[in-house]
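Per the numbering used here, the very first residue in the sequence shown carries number 557; after that it's consecutive.
For glycine and all other residues, C-beta sits at the position ideal for the given N, C-alpha and C.
These notes are about the structure you will find just below.
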Amino acid sequence: MIREIIIALIICFCLLIPVCSGDTISVVDYTEKQVNLSLPVTSIISLSNMATEIICALDGGNSLIGRPNSVFPAYIDKVEIVGENSRSPDLERIVQLHPDLLIADGMLSDDNRKEIEDAGIPVIIEKFTDPARVIIITENMGQILGKEERAGEIVDFVNEYEKLIDSRTAAAKPDEETSAYVEWNSAYRAASTSSGYNNFIEKASGSNIVTNSSVQYPTIDPEFLIQQDPSVIVKMLSSTKEYREEDLIKEHDEISSRSELSSLKAVEEGRIYILSGIVAGGMRSVIGELYFAKWLHPELFQDIDPEAIHEEMAERFFGQELENAYAYPSLKMDLSRK
Numbered sequence: 557m558i559r560e561i562i563i564a565l566i567i568c569f570c571l572l573i574p575v576c577s578g579d580t581i582s583v584v585d586y587t588e589k590q591v592n593l594s595l596p597v598t599s600i601i602s603l604s605n606m607a608t609e610i611i612c613a614l615d616g617g618n619s620l621i622g623r624p625n626s627v628f629p630a631y632i633d634k635v636e637i638v639g640e641n642s643r644s645p646d647l648e649r650i651v652q653l654h655p656d657l658l659i660a661d662g663m664l665s666d667d668n669r670k671e672i673e674d675a676g677i678p679v680i681i682e683k684f685t686d687p688a689r690v691i692i693i694t695e696n697m698g699q700i701l702g703k704e705e706r707a708g709e710i711v712d713f714v715n716e717y718e719k720l721i722d723s724r725t726a727a728a729k730p731d732e733e734t735s736a737y738v739e740w741n742s743a744y745r746a747a748s749t750s751s752g753y754n755n756f757i758e759k760a761s762g763s764n765i766v767t768n769s770s771v772q773y774p775t776i777d778p779e780f781l782i783q784q785d786p787s788v789i790v791k792m793l794s795s796t797k798e799y800r801e802e803d804l805i806k807e808h809d810e811i812s813s814r815s816e817l818s819s820l821k822a823v824e825e826g827r828i829y830i831l832s833g834i835v836a837g838g839m840r841s842v843i844g845e846l847y848f849a850k851w852l853h854p855e856l857f858q859d860i861d862p863e864a865i866h867e868e869m870a871e872r873f874f875g876q877e878l879e880n881a882y883a884y885p886s887l888k889m890d891l892s893r894k
């Protein structure tokens, strides 16, 4: 009986990792499609800025021959742009470059995927906004690039802070002090409980005031927000733009100056925060999780500085300092509840 259990566990484990055979490797992407690759993989086109970051963090930047309009890390500006993102690829140029692999996110249409694959180019589609999936992506790309040790370093770094958040919020329960309203893209467009951003609230043991199982980003009435009276407001910005601090201040002031929201607890207590979508996806999503955790539970994370951890990640895995702003207000200040 024990022998059968051990065999079953081995089989299950094997299904979770890439399968190598001679000079080939097979991975199962987020769409559950098995993708077969010939090794070594020396040329890659990325249509996702978050995929680009993972490849570069794995020291695989030299393999990139095409990219979206991403600008991090800085040295990728020498790589040719082959589309703004996965939604708008330059198919003709991609086929001309004919990489060993193209990696994209879910915005790549089925028709575009088929056209690329019909040209003999393997395509991997992944979900970079799910922190748990990002671990799998990192390990898979480590196998593909022959950078397993480096992938392990990244995974260990991320898991250290994932576990820290879990351990400190384990006894915390969602209550009125951790009720959150997350606004995305435009005024009163909310991130509901069915959106990807809800994962960040749940990770921090908070509660999302916008419960909706069918619409990810509904437009809500300000009166609803007033009735719910959240303790925390987070405005999520685009993941495709770089921001300066003045940009974040402008977004912050726009929300705090809405006259109809002046009586909200979050406004009165100064708990309005702005976060770049860049740290809400890919390997940097753990940084976004740390910000949410500290915003919702400042008393549990007084000794944690997400900005410093982000800087450490950038220096260690990308070899550069951070030059842009990702969150406002700065968490170097005292965020103790009033």
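Original post:
From what residue to what residue does the alpha helix (DSSP H) around A822 run?
Top reply: Segment K821 to E824, the alpha helix (DSSP H) holding A822.
**OP:** Could you tell me the boundaries of the alpha helix (DSSP H) in which I693 lies?
**Re:** P687 to L701
Subject >> Helix, strand or coil at E739 [DSSP, three-state] >> reply: strand
**OP:** State the DSSP-derived secondary structure class of C568, mapped to helix, strand or coil.
**Re:** The predicted model places C568 with a pLDDT of 45, which falls under 50 and marks its position as unreliable; any figure quoted below should be read in that light. Note: C568 maps to helix in three-state DSSP.
Original post:
What are the partner residues of Y829, as DSSP defines its beta bridges?
Top reply: Y829 is bridged by DSSP to V790.
Subject >> I865 to D712 span [Cα, whole Å] >> reply: Roughly 14 Å between the two C-alpha positions.
Original post:
Exposed or buried, which one is P596 when buried takes at least 16 other CB atoms within 10 Å?
Top reply: exposed
Original post:
Bridge partners of T598, per DSSP?
Top reply: For T598, which the question treats as bridged, DSSP gives no partner whatsoever.
**OP:** Measure from the alpha carbon of G662 to the alpha carbon of each residue in E588, T580 and A747, then state which is nearest.
**Re:** E588
Original post:
Does the segment 823-837 come close enough to the segment 763-776 that 3 or more CB-CB pairs lie under 8 Å?
Top reply: Contact between the segment 763-776 and the segment 823-837 is not established, with fewer than three Cβ pairs separated by less than 8 Å.
**OP:** Indicate whether T775 and R745 have their beta-carbon atoms separated by less than 8 Å.
**Re:** yes
Original post:
DSSP on N605, reduced to helix/strand/coil?
Top reply: helix
Original post:
Can I672 and L658 be called in contact, C-beta distance under 8 Å?
Top reply: yes
Original post:
What three-state label does DSSP hand L620 in the structure shown?
Top reply: strand
**OP:** Alpha carbon to alpha carbon, how far is E816 from V638? Give it in angstroms, no decimals.
**Re:** 44 Å
**OP:** Would you mind sorting R669 into buried or exposed? The rule is 16 or more other CB atoms within 10 Å of its CB.
**Re:** buried
Original post:
Taking C-alpha atoms, which residue in K719, E609 and I693 lies nearest to Y586?
Top reply: I693
Original post:
Helix or strand or just coil, what does DSSP make of A630?
Top reply: In this structure, A630 counts as helix in the three-state DSSP scheme.
Subject >> Complete alpha helix (DSSP H) runs within the segment 713-773 (minimum length 4 residues, chain order) >> reply: 754-759
**OP:** Report back the beta-carbon spacing between S735 and I765 to the nearest angstrom; my notes put them in contact at under 8 Å.
**Re:** S735 to I765, Cβ: 5 Å. Contact.
**OP:** Give the straight-line distance between the Cα atoms of K894 and L804, rounded to the nearest whole angstrom.
**Re:** Because K894 carries a pLDDT of 37, less than 50, the predicted location of this residue cannot be relied on, and the following value inherits that uncertainty. Computed Cα separation, rounded: 23 Å.
Original post:
Leaving out the 5 sequence neighbours to the left and right, which residues in its chain are closer than 8 Å to I621 when beta-carbon positions are compared?
Top reply: S599, I600, I601, V635, E636, L653 and P655
Original post:
How do the segment 777-787 and the segment 869-884 stand: do at least 3 beta-carbon pairs fall below 8 Å, yes or no?
Top reply: no
Original post:
By a C-beta neighbour count over all protein chains shown, 10 Å radius and 16 as the cutoff for buried, is G708 buried or exposed?
Top reply: exposed
**OP:** Would you grab the beta carbon distance between S582 and N592 for me? Rounded to a whole angstrom, and I think it's under 8 Å.
**Re:** The pair is a contact, with the Cβ atoms about 5 Å apart (cut-off 8 Å).
Original post:
Hey, quick one: how far does the alpha helix (DSSP H) through A849 stretch, first residue to last?
Top reply: A849 -> alpha helix (DSSP H) spans S841 to L852.
**OP:** Determine the DSSP secondary structure at V711, reduced to helix, strand or coil.
**Re:** helix
Subject >> Three CB pairs or more closer than 8 Å across the segment 676-686 and the segment 818-831 >> reply: no
Original post:
For A660, which residues does DSSP report across the bridge?
Top reply: According to the DSSP secondary-structure assignment, A660 is paired through a beta bridge with I681.
Subject >> Nearest neighbour of S742, chosen from N754, H808, F873 and N618 [CA to CA] >> reply: With respect to the C-alpha of S742, the residue from N754, H808, F873 and N618 having the closest C-alpha is H808.
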